[in-house]
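Q: Have a look at this one before I ask anything.
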Amino acid sequence: MHTNSNIYVWNPSTGLHKQIPLSPIDSRLDANYLCYLYGFGYDKLRDDYLVVSVSYDTTLDGIHSRLEFFSMRDTKWKEIEGTYFPYVNNYTSNNAPRIGSLVNGALHWLTLHEDLMMDVILAFDLTERKFLEMPVPDGFDQELEGCDLWVFGEFLSLWAVGEDIVEIWVMKEYKVHSSWTKTLVLSLDGNFIPYFSPFCTVSGDIIGTNGGTELVKYDDKGRFLEHRPYCNDPGGSQVALYTESLLSLPSNSA
Amino acid sequence: MKSSTSILMITEGFIIITLILQTKSSAKKNKKHMEKKTLLHLPHELIIEILLRLPVKSLIRFKCVSKSWFCLISDPHFANSHFQLTAPTHTHRILLISTLAPKILSIDLEV
Chain A
82 MHTNSNIYVW NPSTGLHKQI PLSPIDSRLD ANYLCYLYGF GYDKLRDDYL VVSVSYDTTL
142 DGIHSRLEFF SMRDTKWKEI EGTYFPYVNN YTSNNAPRIG SLVNGALHWL TLHEDLMMDV
202 ILAFDLTERK FLEMPVPDGF DQELEGCDLW VFGEFLSLWA VGEDIVEIWV MKEYKVHSSW
262 TKTLVLSLDG NFIPYFSPFC TVSGDIIGTN GGTELVKYDD KGRFLEHRPY CNDPGGSQVA
322 LYTESLLSLP SNSA
Chain B
6 MKSSTSILMI TEGFIIITLI LQTKSSAKKN KKHMEKKTLL HLPHELIIEI LLRLPVKSLI
66 RFKCVSKSWF CLISDPHFAN SHFQLTAPTH THRILLISTL APKILSIDLE V
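Here it is, written out as structure tokens:
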């Protein structure tokens, strides 16, 4: 969860949680850093969990990004220096940071490459602790109303909302650009389902939200199954999928 | 309501654990409950093997059974073994986090 600069890591099954201390640079008074990309993932090699944050100083002209990650094992922030970083979040409104999709031991964000004025997928490898860039699939329409990355089963996937449709693209082989396939086109019925953003799959079905107020389900062939309202607040609420576990964080004292 | 008794019944791979909470005074009065306690005398290793195969929700509940179960279920090594052993049947839930009110709901979509 991310609220302003307070970050908590929480296991909803056990109720154990931990607050991540502020990064040392966040407590500086002469700067005002705003986080625009973040994520949480597991580093198999070191048996460590990382919180990754990309932010920029709003008091300066232009984007001067600060890249850093917090290691749960070392309980400290580490800054990644000397990386040229022309990526910005061009999509989410109200300055909400974009959350990374965890696939293959790396976090992924859909970003805009400012120099090229092109969408690219930015990845952060949690073991190598390095950023790398991947192109979006050929034929992917960047002019669509809303799009983002998500995890389709175990694959990195892109969804994009167009007029009355949602396109779903899947990278069937990790890091193999030619394996990107437009797998499904879901049709939206403007009256019932004006919008759809998928966020998880359960037993092959695709679950998403209709603007954050309803859960909507499609089957693996792209057929509409059902929709259920869950939120009365028109502003909607956030959704997330979690795996039930008893796991705790390294050196957890909560 | 300090003391507790557990009854373990094992049928076809299912384990039903019933908890009977009793006060100290009712423990004295009610011999029946005292007798059932003997059923708990399974070898410790066997109890661990059984617990490792139970759903997360049950295990969280069983932390209240006894101090030794609490310690066992809270142990990170137990958590790791449980996570690996149950990998083929991991259960998922969806969290709904309201942006205004501090209200968090979760639903099970597997049923």
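Respectively, the protein sequence lines represent chains A and B. Every number in the numbering used here is 81 more than the matching position in the first sequence, counting from 1. Every number in the numbering used here is 5 more than the matching position in the second sequence, counting from 1. Think of the CB as a built atom: it goes at the ideal place given N, C-alpha and C, for glycine as much as any other residue. Fair warning: this is a prediction, and the values are worked out from it, not measured in the lab.
1. Could you check whether the Cβ of Val70/B sits closer than 7 Å to any Cβ belonging to chain A?
2. Alpha carbon to alpha carbon, how far is Ser111/B from Ile102/B? Give it in angstroms, no decimals.
3. Report yes if the CB atom of Tyr276/A is closer than 7 Å to the CB atom of Ile287/A, and no otherwise.
4. Please name the residue or residues paired with Tyr255/A in a DSSP beta bridge.
5. Under 7 Å between the Cβ atoms of Thr139/A and Leu115/A?
6. Is Ala321/A close to chain B? Criterion is C-beta to C-beta, closer than 7 Å.
7. Cα-Cα, which of Ser182/A, Tyr165/A, Val201/A is closest to Leu322/A?
8. Less than 6 Å between C-beta atoms, sequence neighbours within five positions excluded: which residues of the same chain meet that for Val90/A?
9. Between Glu295/A and chain B, is the shortest Cβ-Cβ distance under 7 Å, so that the two count as touching?
10. How would you write the range of the beta strand (DSSP E) that Pro310/A sits in, first residue to last?
11. Going by DSSP, what residue range makes up the beta strand (DSSP E) through Ser146/A?
12. Distance check for Val297/A and Trp190/A, CA to CA, integer angstroms please.
13. With distances taken from CA atoms, which of Asp314/A, Glu295/A, Pro167/A is nearest Glu307/A?
14. Distance cutoff 7 Å, beta carbons only. Does His82/B sit that close to anything in chain A?
15. Excluding the five sequence neighbours on either side, which residues of its own chain have a C-beta within less than 7 Å of the C-beta of Thr164/A, listed in chain order?
16. Alpha carbon to alpha carbon, how far is Ser329/A from His82/B? Give it in angstroms, no decimals.
17. Taking Ile55/B as part of the alpha helix (DSSP H), name the residues at either end of that continuous run.
18. Consult DSSP for Lys157/A and reduce its assignment to one of helix, strand or coil.
19. Give me whichever residues DSSP pairs with Ile288/A in a beta bridge.
20. Ile274/A: which of Val242/A, Val283/A, Val251/A, Thr282/A sits nearest, CA to CA?
21. Just to confirm my understanding: we take Leu100/B, look at its own chain, exclude 5 residues before and 5 after, and list those with CB closer than 6 Å. What are they?
22. Looking only at its own chain, which residues have a Cβ that is under 6 Å from the Cβ of Asn92/A, when we skip the five neighbours before and after it?
23. May I ask whether a heavy atom of the ligand GDP can be found less than 6 Å away from the beta carbon of Leu148/A?
24. Name the chain A residues whose beta carbon is nearer than 9 Å to that of Phe88/B?
25. Please identify the residue among Ser79/B, Pro93/B, Ser86/B whose C-alpha is closest to the C-alpha of Ser94/A.
26. Could you check where the alpha helix (DSSP H) with Val61/B kicks off and where it finishes?
27. Under 7 Å between C-beta atoms, does Tyr311/A make it to chain B?
28. On the criterion of 16 or more Cβ atoms from any shown chain inside 10 Å, does Ser31/B qualify as buried, or is it exposed?
29. Buried or exposed: Cys312/A, going by 16 or more other Cβ atoms within 10 Å of its Cβ?
30. If the cut is a Cβ gap below 7 Å, which residues of chain A does Ile65/B touch?
31. Within the chosen definition, does the region 150-158 of chain A reach the region 217-233 of chain A through at least 3 CB pairs nearer than 8 Å?
32. Thr96/B CB to nearest chain A CB: under 7 Å?
33. What does Phe212/A pair with, by DSSP beta-bridge criteria?
34. Do you know how far the Cα of Leu47/B is from the Cα of Glu40/B?
35. Ile102/B CB to nearest chain A CB: under 7 Å?
36. Could you tell me if Arg179/A is buried or exposed, where buried requires 16 or more neighbouring beta carbons within 10 angstroms of its beta carbon?
A: In short, the structure shows the following:
1. No, because no Cβ of chain A sits closer than 7 Å to the Cβ of Val70/B.
2. So the two alpha carbons sit approximately 9 Å from each other.
3. Taking 7 Å as the Cβ cut-off, Tyr276/A and Ile287/A do not qualify as a contacting pair.
4. Partner(s): none; Tyr255/A has no beta bridge.
5. A contact, by the Cβ cut-off of 7 Å.
6. Interface annotation, Ala321/A: in contact with chain B, CB-CB separation under 7 Å.
7. Per the Cα distances, Ser182/A.
8. So the qualifying residues of the chain are Lys99.
9. With 7 Å as the cut-off, Glu295/A does not count as an interface residue toward chain B.
10. 305-310 is the extent of the beta strand (DSSP E) around Pro310/A.
11. Per DSSP, the continuous beta strand (DSSP E) segment holding Ser146/A begins and ends at 146-152.
12. Roughly 23 Å between the two C-alpha positions.
13. Selected option, being the one with the closest Cα: Glu295/A.
14. Contact of His82/B with chain A is not assigned, every C-beta pair being separated by 7 Å or more.
15. Within the same chain, Thr164/A has close Cβ partners Leu148, Phe212.
16. Take the alpha-carbon of His82/B and the one of Ser329/A: they are about 10 Å apart.
17. Unbroken alpha helix (DSSP H) run through Ile55/B: 49-56.
18. It is a strand residue.
19. Residue pairing by DSSP places Ile288/A opposite Cys281/A, Lys298/A in a beta bridge.
20. Minimum Cα distance to Ile274/A is reached at Val242/A.
21. Once the five neighbours on either side are set aside, the close Cβ partners of Leu100/B are Ser111.
22. Setting aside the 5 residues that flank it on each side, Asn92/A has no residue in the same chain whose C-beta is closer than 6 Å to its C-beta.
23. Absence of the ligand GDP from the depicted structure is noted, as is the absence of any ligand whatsoever, leaving it without description.
24. What Phe88/B touches in chain A: Thr324, Ser326, Leu327, Leu328.
25. Of the residues Ser79/B, Pro93/B, Ser86/B, the one whose Cα lies closest to the Cα of Ser94/A is Ser79/B.
26. If you look at Val61/B, you'll find it in the alpha helix (DSSP H) that goes 61-67.
27. A Cβ of chain B is located within less than 7 Å of the beta carbon of Tyr311/A.
28. The predicted position of Ser31/B is uncertain, since its pLDDT is 49 and thus under 50; a value taken from the coordinates is nonetheless stated next. Ser31/B is exposed by the Cβ-count criterion.
29. Around the beta carbon of Cys312/A, 16 or more other beta carbons lie within 10 angstroms, which makes this residue buried.
30. Chain-order list of chain A residues neighbouring Ile65/B: Ser94, Thr95, by C-beta distance under 7 Å.
31. The answer is no - the region 217-233 of chain A does not touch the region 150-158 of chain A, with fewer than three Cβ pairs under 8 Å.
32. Yes, contact with chain A.
33. Paired residue(s): Phe205/A.
34. Confidence at Glu40/B is low in this model, with a pLDDT of 47, below 50, so the placement of that residue should be treated as unreliable; the coordinate-derived value is given next. Taking the straight line from one Cα to the other gives about 15 Å.
35. Cβ-Cβ to chain A under 7 Å: yes for Ile102/B.
36. Buried.
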